[in-house]
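For reference, the structure is listed below as structure tokens.
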Amino acid sequence: MELQKARHVQYFQRCYTTVLPSVYTTMDSNRLLLGYFTLAGLDLLSSPSSASASAKDDSASVASKSLVPAADRQRLRDWVLAQQHRNGGFCGSPGHVQPDTVKRGWNEAVSYPAVNDTENVSLPGTYFALLTLGLLANEEETSVPTAFRGVNRIGTLRWIKRLQRPDGSFGEVVNADGSISGGRDMRYCYMAATIRWVLRGNEVGKDLDIDVDGMVRHIRKSQAYDGGFAESHMGESQAGYAYCAVAALSILDLTAANADEPNRYLKAGIPNIAAMVRWLVSRQIVFTDNDESDSEEEVGEEQGNIITVPTSEMASLNVTGTVLGGFNGRPNKVADTCYAWWVAGALHVLNDALPEAASLDGASGREFLLQKTQNAYGGFGKDAGSPPDLFHSYLGLAALATMAGDKTEEGLGQFDVRLCIGKEAASRLDRARQFWAPASTNDTIDA
Amino acid sequence: MPPKNNKGGAKAKDSSAKQENDVAKTQTVFERAQAAYDLTRPPYDKEREELGGLHALSTVEKTAYANWFCTAPDELAFLSKKAQKELWKQVNETNRPLRRGQIDKPKPDQWGKDKLGRNIGDYTVQQYEQRIEKQGQLTCLKALGRSFASKRLYASKGLVDSSTGEVYTLTEEDIKAEKQRRREMAALKKDLYGEKMGPYSTDPEWDDVVPVPQMEPEGALAAIAYPEDYAESMSYLRAVMAANEYSPRCLKLTEHIISMNPAHYTVWLYRFANIQHLDIPLLDEIEWLNGVALDYLKNYQIWHHRQLLLEHYYPTIAGSPDEVKRFARSERAFIMAMFAEDAKNYHVWSYRQHLTRKLGMWENEEHGELDSIEGMIDDDVRNNSAWSHRFFLVFSNPRYATPDSHATEADPKVPAGIVDREIKYAQAKIKLAPQNQSPWNYLRGVLVKGGRELGSVQAFVEMYVQNIGNEETEQVHSSHALEQLADIYEEAGDKEKADLCWKRLGEKWDRIRLGYWEWKRRSLKAASS
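Order-wise, the sequence lines are chains A and B.
Just so it is clear: in the first sequence, position 433 is 433 by full-length UniProt numbering, and no numbers are missing.
Just so it is clear: in the second sequence, position 405 is 405 by full-length UniProt numbering, and no numbers are missing.
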């Protein structure tokens with residue numbers, strides 16, 4: 001089965017141009033995330049490396065030009081920046097932004113109305129805002145130097161630092177009284193590490209930088225007994241947290257380039273790398289349509305000291321020919337599109353720290369996505385037969401791009417697994433961040 | 001004064017009144033205005049306009065028009081007395097109507113547009129009259145609403161009504177009537193102007209709050225088709241949050257928003273602040289939360305909120321072990337109700353860990369935590385979440401475990417008896433379903449925690465694997481057993497046997513992981529060369 005590129009282009013264009021259905025109301029507090037998935041999907045389907053080499057189908061002409069219209073970019077940038085808080089950081093959604101006229105109390109220190117609605121600024125909002133600004137820098141390179149113009153760099157770094165707890169973990173929100181709300185999970189570590197990298201927080205002095213060693217300690221504590229990663233210490237391992245943990249460490253390594261000690265944080269943050277590889281590859285399962293319930297009831301019987309096993313279970317391990325290899329997020333759960341990405345992505349990043357790369361069965365993983373969760377009208381659903389949604393549609397593409405590796409999936413651009421965006425977009429983002437004034441507290445980009 | 005020309009005027013009036021009756025049903029507002037305008041000027045003026053100039057009129061009409069033009073007060077002022085006299089003389093001689101109304105020439109769009117963008121000038125007279133009537137009703141309702149607002153203001157200040165000598169009071173009846181009025185006004189506004197008035201702007205209780213609308217340009221990313229009332233309730237939420245208001249109505253507002261968007265990250269924090277300020281019993285809030293949690297199984301914020309409630313509730317009962325136990329029991333009962341819906345809900349398991357730590361639910365008492373987990377594993381031996389919780393329960397018990405010991409490292413403080421017990425437990429469950437990876441992973445975890453070699457369970461593992469490499473007699477009842485056997489061989493330095501196990505896994509017993517088994521084989525070779 002092929003990637004139905006033209007359909008996916010239509011799906012993301014529909015999301016881009018029309019109003020999302022009301023089921024998305026439960027994601028209204030994270031509209032920056034929805035916007036990011038929309039733009040990142042359009043970008044990946046039309047980046048320079050997505051152009052078909054053989055040009056055998058009409059998708060080649062679609063891919064020749066970015067699907068994010070150049071004329072819209074300034075407006076979209078303005079929209080993202082409108083969600084920035086005066087004191088740094090971004091709200092997750094326009095619905096969380098309080099207008100400038102809303103001021104609370106009186107700040108005695110500066111004799112000025114105090115602005116302390118800081119709890120509306122969220123870590124995911126800030127992460128998705130910065131990545132979206134990077135995505136919006138255009139191919140002509142003229143907008144790269146100004147991609148982050150208008151971002152309150154120092155304010156944001158100061159706020160990220162306040163989000164970190166003494167145990168090294170990060171929360172989601174800093175309350176008006178300075179307390180921190182939100183869990184302690186690996187996603188926040190990943191987002192904090194990425195924001196720090198984008199804003200070059202490692203170059204502004206210790207007072208403004210986060211406690212990197214603390215973050216690494218917190219991640220290290222979260223590896224579970226089965227080799228996977230949990231949300232935090234002693235929890236159940238889950239593939240999404242595995243990716244976030246590994247990618248967070250890898251991004252920290254980007255800011256600690258040292259030829260003598262490559263992958264310093266990746267190695268320091270994972271107590272048992274081999275066990276993690278084992279856990280990740282174990283997430284791949286042979287998909288059969290009546291997967292779930294059947295085997296639950298079958299129980300082995302003891303005959304002497306030999307235990308018989310339900311034949312169906314063992315038989316599924318020995319299938320030949322074309323196999324559909326789905327991925328689950330935890331042992332004994334069903335296959336789900338996004339876990340193909342979380343697992344493949346985590347393993348891809350982890351391979352950097354291994355003398356030799358371990359691999360998944362990419363071919364069967366690809367078949368599962370294309371045959372089972374790819375929607376006939378474009379996009380990907382959560383699992384076989386589910387309607388498409390933005391989250392699974394983008395991560396489905398991410399999984400295919402990651403599993404294809406250097407060969408690339410026909411019609412998709414090359415992929416930066418660490419940042420979960422197209423390679424060209426990642427490169428623009430990297431070049432754009434070079435324009436921050438080095439090692440100064442000047443919080444604007446001069447260009 | 002211009003002489004009256006009764007004859008001509010009366011004639012025109014008669015005919016047009018008749019006409020009006022005939023067409024009343026189909027005539028538009030503009031047409032009626034145009035007709036009225038025409039009645040205010042002589043026929044030759046209308047003709048002149050329609051035919052496009054004076055040249056089209058007969059000489060007599062031309063003269064009449066010129067005279068009519070000159071009798072306008074502004075023009076008349078330029079004429080001498082003598083000339084004026086001459087003018088009036090001519091007017092009388094021509095005997096043509098001379099009327100001049102005080103109304104302007106109507107323009108087709110002067111009535112504006114309705115909510116659908118339709119020109120109101122194109123309404124039929126009948127439709128227009130209905131519209132005017134509704135506008136009148138709205139004005140009356142507004143006036144009554146203003147008197148309600150005044151009364152409320154006077155009542156709040158304790159003023160005395162001078163006509164009755166009594167203090168102003170606002171009765172339930174008044175409020176009920178006002179609510180009814182708001183509903184009527186909302187319906188009228190929607191009908192007339194397409195303006196929406198949601199439940200908050202029509203509720204007198206919210207009159208003092210100026211909503212803060214969402215500021216967003218057209219063509220933004222990821223716009224959502226919000227359900228009815230969502231946008232309005234959010235604008236009231238922004239307003240009360242900015243004002244730091246904590247009140248019962250705010251608590252209700254948070255509930256309304258949570259019902260539409262439970263992932264709103266600040267509405268929960270704000271709700272908690274309300275609970276604290278209003279001194280609402282935490283158990284009441286927990287009870288409320290139980291219902292909400294069952295409605296939104298996958299939501300994370302609910303569990304964060306519950307954790308926050310726990311943080312504040314626990315100190316109030318910490319002094320009484322019985323209270324703590326009772327609370328632990330009721331929380332566990334609720335958790336089990338959640339698990340009846342989804343026994344692998346990550347947030348619930350995460351909360352359960354937090355609860356265990358907070359309330360110290362470690363010890364293996366009757367109907368305690370370990371009993372409960374055993375029951376869940378008995379229900380579904382493949383529930384990996386339950387296995388994981390058991391691991392936490394056994395190896396984080398502060399009575400013996402090293403504080404903060406990593407899940408992946410040996411903890412010498414865990415008593416050997418407990419390690420033995422857990423090994424036996426895992427093995428018993430493997431027997432029930434040998435291809436179930438959860439207890440196999442658990443077994444590995446326990447061995448590491450206990451500082452024991454994988455080889456210490458070799459005999460057990462070999463029960464599931466026979467004669468590897470012998471095509472005739474090879475038997476594998478669990479790929480996990482074969483894998484563990486390979487690791488046991490590797491641990492013991494028996495590289496050939498380990499390699500054979502991985503080879504057979506890739507060839508037959510777990511083909512989808514061929515790439516991994518080959519990687520294991522290569523890594524082992526590289527390590528030994």
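Backbone N, C-alpha and C define an ideal beta-carbon position, used for all residues, glycine too.
Residues bridged to Leu-121(A) [DSSP beta-bridge criterion]: Here the question's residue 121(A) lines up with position 121 in the first sequence. In the sequence on display, residue 121(A) carries Val and not Leu. Cys-91(A).
I'd like to know if Gln-238(A) contacts chain B, where contact means its C-beta is closer than 9 Å to some C-beta of that chain. As a position in the first sequence, residue 238(A) is number 238, starting the count at 1. Yes - at least one Cβ of chain B is within 9 Å of the one on Gln-238(A).
Between Met-234(B) and chain A, is there a C-beta pair that is closer than 9 Å? In the second sequence, counting from the first residue as 1, residue 234(B) sits at position 234. Taking 9 Å as the CB threshold, Met-234(B) lines the interface with chain A.
Can you look up Asp-420(B) in the DSSP assignment and give me helix, strand or coil? Taking the first residue of the second sequence as 1, we reach residue 420(B) at position 420. Asp-420(B) falls in the helix class under three-state DSSP.
Between the C-alpha atoms of Glu-2(A) and His-8(A), what's the straight-line distance to the nearest angstrom? Sequence index remark: in the first sequence, residue 2(A) carries index 2 (1-based). Sequence index remark: in the first sequence, residue 8(A) carries index 8 (1-based). When rounded, the distance between both Cα atoms is 12 Å.
Between the alpha carbons of Gln-135(B) and Asp-122(B), how many angstroms are there, rounded? In the second sequence, residue 135(B) corresponds to position 135, counting from 1. In the second sequence, residue 122(B) corresponds to position 122, counting from 1. Roughly 18 Å between the two C-alpha positions.
Near Leu-485(B), which residues of its chain fall below 6 Å by C-beta distance, leaving aside the five closest residues on each side in sequence? In the second sequence, the residue the question calls residue 485(B) occupies position 485. Correct list, in chain order: Val-461, Val-465 and Cys-501.
Same chain, Cβ closer than 6 Å to Ser-54(A), neighbours up to 5 away in sequence not counted: As a first step, residue 54(A) must be located in the first sequence, where it is residue number 54. Here Ser-54(A) scores only 49 on pLDDT, less than 50, and its place in the model is too uncertain to base an answer on.
Applying a beta-carbon distance threshold of less than 8 Å, which residues of chain A neighbour Met-215(B)? Your numbering for residue 215(B) matches position 215 in the second sequence. Ordered by position in chain A, the residues that pass the 8 Å Cβ test against Met-215(B) are Ala-82, Pro-94, Val-97 and Pro-99.
Within 9 Å, strictly: CB atoms of Ala-407(B) and Gly-451(B): For the purposes of this step, residue 407(B) is identified with residue 407 of the second sequence, where counting begins at 1. For the purposes of this step, residue 451(B) is identified with residue 451 of the second sequence, where counting begins at 1. With respect to the 9 Å criterion, Ala-407(B) and Gly-451(B) are not classified as neighbours on the basis of their beta carbons.
Does the Cβ of Ile-423(B) have 16 or more other Cβ atoms within 10 Å, making it buried, or fewer, making it exposed? Here residue 423(B) corresponds to residue number 423 of the second sequence, with the count starting at 1. Buried: at least 16 other Cβ atoms inside 10 Å.
Exposure label - Asp-284(B); buried when at least 16 CB within 10 Å: Mapped onto the second sequence, residue 284(B) falls at position 284. Taking all protein chains in view, the Cβ of Asp-284(B) is surrounded by fewer than 16 other Cβ atoms within 10 Å, so the residue is classified as exposed.
Taking the continuous alpha helix (DSSP H) assigned at Phe-272(B), which residues delimit it? Position 272 of the second sequence, counted from the start, is the residue given in the question as residue 272(B). 265 to 278 is the extent of the alpha helix (DSSP H) around Phe-272(B).
Comparing C-alpha positions only, which one of Asn-441(B), Pro-412(B) and Glu-409(B) sits nearest to Arg-390(B)? In the second sequence, counting from the first residue as 1, residue 390(B) sits at position 390. For the options Asn-441(B), Pro-412(B) and Glu-409(B), the alpha carbon positioned closest to that of Arg-390(B) is the one of Asn-441(B).
Give the secondary structure of Asn-263(A) by DSSP, where H, G and I count as helix, E and B as strand, and everything else as coil. Position 263 of the first sequence holds residue 263(A). When secondary structure is reduced to three states using DSSP, Asn-263(A) falls in the coil class, being assigned neither helix nor strand.
Examine chain A for any beta-carbon lying closer than 9 Å to the beta-carbon of Glu-409(B), and answer yes or no. By one-based count along the second sequence, residue 409(B) stands at place 409. Closer than 9 Å to some Cβ of chain A, the Cβ of Glu-409(B) qualifies, so yes.
Gln-130(B) - containing alpha helix (DSSP H), residue span: Position 130 of the second sequence holds residue 130(B). From DSSP, the alpha helix (DSSP H) with Gln-130(B) extends over 125 to 157.
Sheet register partners of Leu-391(A) (DSSP bridge): Here residue 391(A) refers to the residue found at position 391 when the first sequence is read from its first residue. Just to set this straight, residue 391(A) is Phe in the shown sequence, not Leu. Looking at the DSSP output, Phe-391(A) bridges to nothing.
Using a cut-off of 7 Å between C-beta atoms, extract the partners of Asn-24(A) located in chain B. The residue labelled residue 24(A) in the question sits at position 24 within the first sequence. Looking at the sequence shown, residue 24(A) is not Asn but Tyr. Residues of chain B with a Cβ closer than 7 Å to the Cβ of Tyr-24(A) are, in chain order, Ile-224.
Kindly list, in the order they appear in chain A, the residues whose Cβ is closer than 9 Å to that of residue 542(B). The question about residue 542(B) has no answer, for chain B in this structure spans 1 to 529.
Does the region 320 to 340 of chain B touch the region 207 to 218 of chain A, meaning 3 or more C-beta pairs lie closer than 8 Å? As far as the Cβ criterion goes, the region 207 to 218 of chain A does not touch the region 320 to 340 of chain B, which means the pair count is below three.
Taking a Cβ distance cut-off of 8 Å, strictly less, list which residues of the region 396 to 408 of chain B are near chain A, in chain order. Within the region 396 to 408 of chain B, the residues whose Cβ lies closer than 8 Å to some Cβ of chain A are Ser-396, Asp-404, His-406, Ala-407 and Thr-408, listed in chain order.
Backbone secondary structure at Lys-11(B) - three-state DSSP: As a working mapping, residue 11(B) is identified with position 11 in the second sequence. Since pLDDT at Lys-11(B) reaches only 47, below the 50 mark, its modelled position is unreliable, and the value read off the structure follows with that caveat. Residue state, collapsed to three classes: helix.
Cutoff 9 Å: Ile-285(A) Cβ touching any chain B Cβ: Taking the first residue of the first sequence as position 1, residue 285(A) is located at position 285. Ile-285(A) has a beta carbon lying within less than 9 Å of a beta carbon in chain B.
Can you look up Glu-166(B) in the DSSP assignment and give me helix, strand or coil? For the purposes of this step, residue 166(B) is identified with residue 166 of the second sequence, where counting begins at 1. Residue state, collapsed to three classes: strand.
Beta-carbon contacts of Arg-431(A) that lie in its chain and below 7 Å, excluding the five residues immediately before and after: Taking the first residue of the first sequence as 1, we reach residue 431(A) at position 431. Cβ neighbours of Arg-431(A) beyond the five flanking positions: Val-144.
Would you mind telling me which residues of chain A sit closer than 7 Å to Arg-99(B), beta carbon to beta carbon, in chain order? As a working mapping, residue 99(B) is identified with position 99 in the second sequence. The contacting residues do not exist; Arg-99(B) stays about 57 Å from chain A at best.
Whether or not the region 136 to 147 of chain B and the region 157 to 166 of chain B are in contact is what I'm after, with contact meaning three or more pairs of Cβ atoms, one per stretch, closer than 8 Å; do they touch? Cβ pair count under 8 Å is below three, so no.
At 4 residues or longer, what runs of the alpha helix (DSSP H) sit wholly inside the region 195 to 244 of chain B? Within the region 195 to 244 of chain B, the complete alpha helix (DSSP H) runs of at least 4 residues are 230 to 242.
Verify the CB distance criterion: does Val-212(B) have a CB-CB separation below 9 Å to chain A? Along the second sequence, read from residue 1 onward, the residue named residue 212(B) stands at position 212. True, the Cβ-Cβ gap to chain A drops below 9 Å.
Measure from the C-beta of Lys-413(B) to each C-beta in chain A and report whether the shortest distance is under 9 Å. Numbered from its first residue, the second sequence carries residue 413(B) at position 413. Contact with chain A is absent for Lys-413(B), since none of that chain's Cβ atoms lies less than 9 Å from the residue's Cβ.
When you compare the region 37 to 50 of chain A with the region 271 to 281 of chain B, are there three or more beta-carbon pairs, one atom per stretch, that lie closer than 8 Å? Touching, no.
Hey, Glu-232(B) and Pro-94(A) are a contact pair by Cβ (cut 8 Å); roughly how many whole angstroms apart? For the purposes of this step, residue 232(B) is taken as the residue at position 232 of the second sequence. For the purposes of this step, residue 94(A) is taken as the residue at position 94 of the first sequence. Taking a contact as a CB-CB distance under 8 Å, the pair Glu-232(B) and Pro-94(A) does not count as one, their CB atoms being some 15 Å apart.
Where do the N-terminal and C-terminal ends of the alpha helix (DSSP H) with Gly-52(B) fall, by residue? Numbered from its first residue, the second sequence carries residue 52(B) at position 52. Counting along the chain, no alpha helix (DSSP H) covers Gly-52(B), and no H or E run does either.
Report all residues from its chain with a CB closer than 8 Å to the CB of Glu-184(B); omit the five preceding and five following residues, and keep chain order. Here residue 184(B) corresponds to residue number 184 of the second sequence, with the count starting at 1. Cβ-Cβ distances below 8 Å link Glu-184(B) to Gln-137 and Leu-141 in the same chain, with the five nearest sequence neighbours on each side left out; the list follows chain order.
For Leu-76(B) and chain A, any beta-carbon pair shorter than 9 Å? Counting from 1 along the second sequence, the entry for residue 76(B) is found at position 76. Taking Cβ atoms only, chain A never reaches closer than 9 Å to Leu-76(B), which makes this a no.
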